[in-house]
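One structure is given here, and the rest of the page talks about it.
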Amino acid sequence: MDPRRRRRALHPAAWWAWAAGLATAAIETTNPVLLSLIAAVVVYVVATKRSAAPWSRSLVVFLRLGLVVIAIRVIVQVLFGDRIAGHVMFSLPQVALPSWAAGVSIGGPVTAESVLQALCEGLRLAVVLLAFGAANSLASPYRLLRCLPAVLYEAGVAVTVALTYAPELVTTIGQVREARRLRGRPTRGLAGLRGMAVPVLEGALDRSLELASSMDSRGYGRRASATSSRRRATVATVATVAGTVLVLVGVYDALGSATPWGLGAAMLLVGAGLLASGVALSGRRTQRTRYRPDRWGGAEWLIALSGAAVVAAFSIAGALGVDGLQVSFYPLGLPPVPLLPCLGILLGLAPALVAPTSAPRRGAADLSAARPRDVTATESR
Amino acid sequence: MIRFDGVTFTYTGADAPTLLDVDLEICEGELCVVVGTTGSGKSTFLRAMNGLVPHATGGRLAGDVRVAGRSTRVHAPRDLADLIGLVGQDPSASFVTDVVEDELAYTMENLGIAPAAMRRRVEDTLDLLGLHELRGRPLRSLSGGQQQRVAIGAVLTAAPRALVLDEPTSALDPAAAEEVLASLSRLVHDVGLTVVIAEHRLERVLPFADRVILVPGEGAPLRIGSPEDVMADSPVAPPLVELARLANWSPVPLSVRDARRVVAPLRARLSAAPKAPSERRAPATSGAAVASLEGAGFAYDEVLALSDVDLGLHAGEVVALMGRNGSGKSTLLALLAGARRPSIGIVQVRGEAPATLSPRRLVRSVGLVPQDAQLLLYCETVAEECATSDKEGGLGAGTTRGVLDQLVSGVPADRHPRDLSEGQRLALALAVVLAHDPPLLLLDEPTRGLDYPSKERLEGILARLSAGGTSVVVATHDVELVARVADRAVLLADGEVVADGAARDVICHSPVFAPQVAKVLAPDSWLTVEEVRRALRAADELAAQP
Amino acid sequence: MSRTARARLAVRLTTRASVLLATASLLGLAAFGWPLLVHARAGANLAHAADAPWIFVALLPLLLAIVLGEIAEGSLDAKAVALLGILAACGAALRVPSPGVAGFEPMFFLLICSGRVLGRGFGFVLGALTLFASSLITGGVGPWLPFQMLGAAWMGFGAGCLPRAAGKREIAILAGYAVVASVLYGALLNLWFWPFAAGTTTSFSYVPGGGVLENLHRFVFFDLTTSLGFDLPRAVTNAVLIVVLGRSVLGALRRASRRAVFDPVVILEDVAASPGSGPTSGPRHHRVVGP
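Top line first, the protein sequences correspond to chains A, B and C. Numbering of the first sequence is given in the working numbering, commencing with residue 1 and proceeding in unit increments. Numbering of the second sequence is given in the working numbering, commencing with residue 382 and proceeding in unit increments. Numbering of the third sequence is given in the working numbering, commencing with residue 928 and proceeding in unit increments.
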């Protein structure tokens, strides 16, 4: 690989595919060993590959959120847990609730088994969140927006506008606050709020009108051909509605069925396929092109596949009946460590080796240059 | 190229047409300047060229506007994007994306241009407008002039044959405006693009113009002609043209260079005037001291914005604060207004440090009108704005309205402040500030976006205030304003005061800051047309005496 | 009358868009409410209970994309898109002090006012996009995002369906709606979080096959004890904001929508007709259909 190629930023969808793979794997297990391993892989990859962009701090936020989730799950279990026999760690005073409390009971003996089980369930959600946090940290939201499907073109433009305008809004708020002070008006409290909110909003609305006329004269909404779109749109609608119905029936059937994956799962798959085709069909109505689209190259394939490999390892393990994907703490004991899923998770480390260090073309442009501007902004305005 | 055939346009709900029976043609490769006061229908005229009028505004259109044969009656603006590009006043308001390169490509993406062609055109445009070093930069981090060039580039990438610009430089400082106009003249001369441009500050664009279209407003017919012909009796004219009319020069010179070639007789007449111009206006240092800075400095984070400034401000004095962007003008105003605490040194207004005053007391000693005067206003009608100002400031009912009426008469009470003209809005913001009767008034770039009549009104207001003993500080790039109202000029560079003295001495012989009249009449120190007129009259009287 | 009233809406909902919107809402309801409705057959081990929320996490974005795309197609002109983008930025800015799953969400107040003034279609899209944009800005795209988007979209849609009123009555209606809608929004997201928080082994958990009413009863109790403490202050915050700022904000939005001239009426007179000759000379009126 030549050095210039190594410097390019990865396609954001590759990171999301990788993270989705790890999240899916996490959903499939409650084994704390596997979950911790996934978490370790995620954190390691983020730590080696994240850029200096502001969103790269997301992982920490999601990590904290994960801890909160675990705490909630455990607290609920301790306070309201079902009283199943086991090793009692301690006992809480039992409170009798009136009949309107829907049979909820508080307190009673707390068993080690139930707490461990709750801890693992909480950990599962926390690890899934961690995977999301990793994707947030690694993929630039601005570039993600550029790969939205064509059906979301208009919505995508609106969100692009929002992302462009939001930092400026912060500047405007600062200016309005300054101006309020100059008029000797409060900038806090309800009166201050009104005096601040109205000029900011009015300015923003005026801005939207100017922007609209600029977009209008720059060809926004121009269509190459509108004739063939009608029938396709109808097909897309039908596919979507049918897909939704299938998904609904499928989910409820699968949820209620005793067998692992039956008819319901099949309906679910077909329904999902119909929905996806709905997206694809709706999107082809307008002819637009993309300037320097993010390339999907070898590194992207490897990263996305490494995510898929983790899922595959888990599925194969599940199909083979490997013990230890779902752990039960009844009876109490150490969870088993299944080899195949562990090896699978390690495949998720591939990005740490494959991905180029991020020094993106636009990465620097996104927000990091905002600071020096603030000085000149105050100065020249 | 752009052809108007019997075009009459009336906005929905309006009584009279904004454009009446317009017949004209703008030819290929021409640079046309559109002249007119605010509210004359200039913008409507420009927007009719790419179909925003009537498709986006609604209204009743008779006649036909054709761009390269394509009629706006059947084609919406988006279908004309490959023929005609429109650039507005505030470039930052026109940006859809946040990076230079993406913004340039956005129009082409809409038009469905092939990726390879897109790539090439972006590169061409970057070179054409000298933007290649900025390609990956966030738009927000660019200067005003750079932003406007990107906005122009963003419509150029669609390879239009005509470019329409609605006051592209009115929100820019002179250096940035020069930068934009230089790019435009390159587009006209090297690329052969047809350009239609509306502009307040005519002195900047007239030298480039092939023809001028005068939009007189109030339903009067549009006039199109050579700049010399139209300018000879245009109601809107730059100082140079006014000087030409005074001296009966024909044809009207459009640049300082042209004027200097015919100036000799005028100079001879002026030399016969009784008083030398430089004796006329002396800085009013005699007034009582109002505010002072002693060794004051200020740093943003670690960047020194202002250092070691010593300055005294006196009652009845109009001080112009000049210097390029980032030279510390706004910081100096912020220190005086108490918005910032000096990092070092002392800032005092009437013996007190403004940054330590409570808001209530602060407004009674310093008034500041920010560059965007709108920021001071937040009510829904003018009447409510005045009432709120009275109530919140603990003033007698009607005080603010009274001040407003003194400044400008006839501002409609039930109008929304945002719907007022720029001049009226500035007057309202001034009234809100002046209602507290502060001895020190600070104005940040007050003439930006004002047309000549509003500017004249502002000059009158400032003259009255200074006569009433208010000390006025104006931070501005507008040298004509300085020439007309300032007693004293302070020149800042790099956070330091580099010149402080009578306005005439500071600006008259500077190649950058000298007003047009001074440049034409150099080496004599004349600043304004009014001065010359008075001197001529005096000379005539002297000659008429036996 | 209704025709002109409809012509002024920023976003018109076509029949197809309405059908898709209803479909999406149906799937959305199912996505939120599955714990209430699960009917486990005899011997069901609920092996898939853990998967259910994730299936919806994967599918809901698809459906939201189709609905947003359909609403946008043909009725989102440049003005509507610009206004959506700018208002979404304002909403996102209002969310910044309170990111994450819970929080005070003062953006609801802006969303409700916008939906009220600019119509239900606009409200729906704005609700969804505001949350999307703010998640991108804060780097907080989580599994809850599709659910938040749908919830906020419903809130904006509902605000556009409120009955006609003016003056103080209008403010009162909006404030009341803000309370109800915020509490419902909180409850819905809590419903989504319920299986995660309570698992299946607490007396708080849903009971498979327990019937809708019993599960609802349990959920309401869960909601009351766990999150009403967050939801009520949020509802009150938004109601107070509407009372304090409502009039100005509605005024600003109405002024903007008037000035934007959504779906403008363009009258083209014949080239031959002399200007100002009025309708007697038979100008050809035709309305250019909005872009």
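A virtual CB, placed ideally from N, CA and C, is assigned to each residue, including glycine.
Chain-order list of residues whose beta-carbon lies under 6 Å from that of residue i (same chain, five-residue window excluded)
i	result
VAL994/C	LEU947, LEU948 and ALA951
ALA669/B	ALA696
GLU599/B	none
LEU370/B	The displayed coordinates of chain B run from 382 to 927. Any statement about residue 370/B would go beyond what the structure contains.
MET89/A	VAL110 and ALA112
Cutoff 7 Å; reference residue i; Cβ partners in own chain excluding five residues on either side
i	result
HIS513/B	LEU507
LEU302/A	ALA350 and VAL354
CB contact below 8 Å: residue i versus chain B
i	result
PRO356/A	no
GLU430/A	With chain A covering only 1 through 381, there is no way to say anything about residue 430/A.
ALA204/A	no
GLU1196/C	yes
PRO199/A	yes
GLY1178/C	yes
VAL1188/C	yes
HIS11/A	no
SER1175/C	yes
PRO1191/C	yes
ARG939/C	no
CA nearest to the CA of residue i, picked from the options
i	options	result
ARG518/B	THR438/B, GLU484/B and ALA718/B	GLU484/B
VAL1229/C	THR1057/C, ALA958/C, GLY1137/C and VAL1163/C	Because chain C is modelled from 928 through 1218, residue 1229/C falls outside the range shown and cannot be assessed.
VAL161/A	CYS120/A, MET215/A and ARG188/A	MET215/A
PHE894/B	GLY704/B, LEU714/B and LEU824/B	GLY704/B
ALA618/B	SER739/B, LEU510/B and PRO834/B	PRO834/B
VAL44/A	ALA309/A, LEU59/A and ILE316/A	The residue asked about is misnamed: residue 44/A is Tyr in this sequence, not Val. Comparing Cα positions, the closest option is LEU59/A.
LEU152/A	TYR165/A, GLY107/A and GLY278/A	GLY278/A
Three-state secondary structure (DSSP) of residue i
i	result
ASP978/C	coil
PRO519/B	strand
TYR759/B	coil
ARG592/B	strand
ALA870/B	strand
CYS413/B	strand
GLU599/B	coil
PHE90/A	strand
ILE72/A	helix
ALA654/B	coil
GLY422/B	coil
VAL633/B	coil
ALA925/B	helix
GLU698/B	coil
GLY850/B	coil
Cβ of residue i within 8 Å of any chain C Cβ
i	result
HIS436/B	yes
LEU603/B	no
LEU209/A	yes
TRP55/A	yes
THR393/B	yes
THR439/B	The displayed chain sequence assigns Gly, not Thr, to residue 439/B. At least one chain C Cβ lies under 8 Å of GLY439/B.
Beta carbon proximity, residue i to chain A, threshold 8 Å
i	result
LEU1077/C	no
VAL536/B	yes
Residue i: first and last residue of the uninterrupted beta strand (DSSP E) it sits in
i	result
HIS695/B	684-695
PRO896/B	Here PRO896/B belongs to no beta strand (DSSP E), and DSSP marks it neither H nor E.
PHE679/B	670-681
THR389/B	383-391
GLY882/B	877-883
Within chain D, the residues that residue i reaches when beta carbons sit closer than 9 Å
i	result
SER1041/C	In summary, chain D is missing from the structure at hand, where the protein chains are A, B and C.
Terminal residues of the alpha helix (DSSP H) in which residue i lies
i	result
ALA1075/C	A small fix is needed here, since residue 1075/C is Gln in this sequence, not Ala. Per DSSP, GLN1075/C belongs to the alpha helix (DSSP H) from 1072-1087.
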